[in-house]
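Engineer: Below is a structure I'd like to ask you about.
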Amino acid sequence: MYSAISFVAFFIAAVSAQRGPAQYAPGQIIPIVSYQNEPNQGDGSYKYSYETGNGIAANEQGYLKNPGQKDLEAQSAQGQYSYTALDGTPITVQWYADETEWAPKTSKPR
Numbered sequence: 175m176y177s178a179i180s181f182v183a184f185f186i187a188a189v190s191a192q193r194g195p196a197q198y199a200p201g202q203i204i205p206i207v208s209y210q211n212e213p214n215q216g217d218g219s220y221k222y223s224y225e226t227g228n229g230i231a232a233n234e235q236g237y238l239k240n241p242g243q244k245d246l247e248a249q250s251a252q253g254q255y256s257y258t259a260l261d262g263t264p265i266t267v268q269w270y271a272d273e274t275e276w277a278p279k280t281s282k283p284r
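Heads up: the sequence shown runs through residues 175 to 284, numbered per our numbering.
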């Protein structure tokens, strides 16, 4: 029994040593075509958008609901993102989020 366990342990160690460390191989570098950012200026509102060279795009804007009312303040945001699926189908997701829900709507056909 001891020799079987020793053999299995030796085999695992030998196989692991042969694999070596994983190599990082970066893919194609995708440029950022456009980028805009208007961060919070103190009132809780913001917005940003970007588009990449491979057609991925996103935008979002948000604001603070009921500012100054401690128990009622909540962040609200809406936006969308789009990309092309691996099968070539264009996908767009529009969404809204606040303290009560996150409501996405997609263009992907079913």
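Glycine is no exception: its CB is placed at the ideal position from the N, C-alpha and C atoms.
May I ask you to report which of helix, strand or coil DSSP gives Ser256?
Structural biologist: strand
Engineer: Within its chain, find whatever has a CB closer than 6 Å to the CB of Asp245; leave out the 5 residues flanking it on each side and keep chain order.
Structural biologist: none
Engineer: Could you check which residue in Asn228, Gly218, Ser223 has the C-alpha nearest to that of Gly201?
Structural biologist: Asn228
Engineer: Have a look at Gln235, Asp261, Val207 and flag the residue whose alpha-carbon is nearest the alpha-carbon of Tyr220.
Structural biologist: Gln235
Engineer: Below 6 Å CB to CB, which residues in the same chain sit around Tyr255 once its five sequence neighbours on both sides are set aside?
Structural biologist: Ala232, Val267
Engineer: Here's a check: name, in chain order, each residue in its chain whose Cβ is nearer than 7 Å to the Cβ of Tyr209, leaving out the five neighbours to either side.
Structural biologist: Tyr224
Engineer: Ser250: which of Glu275, Gly242, Thr226 sits nearest, CA to CA?
Structural biologist: Glu275
Engineer: So what's Asn233 in DSSP terms, helix, strand or just coil?
Structural biologist: strand
Engineer: Could you round the C-beta distance between Ile203 and Thr226 to whole angstroms and report it? I think they count as a contact, below 8 Å.
Structural biologist: The pair is not a contact, with the Cβ atoms about 11 Å apart (cut-off 8 Å).
Engineer: Ends of the beta strand (DSSP E) at Ile206?
Structural biologist: 206-212 is the span of the beta strand (DSSP E), which, as asked, contains Ile206.
Engineer: Excluding sequence positions up to five away, which residues of its chain have a Cβ less than 6 Å from the Cβ of Pro278?
Structural biologist: Val267, Trp269
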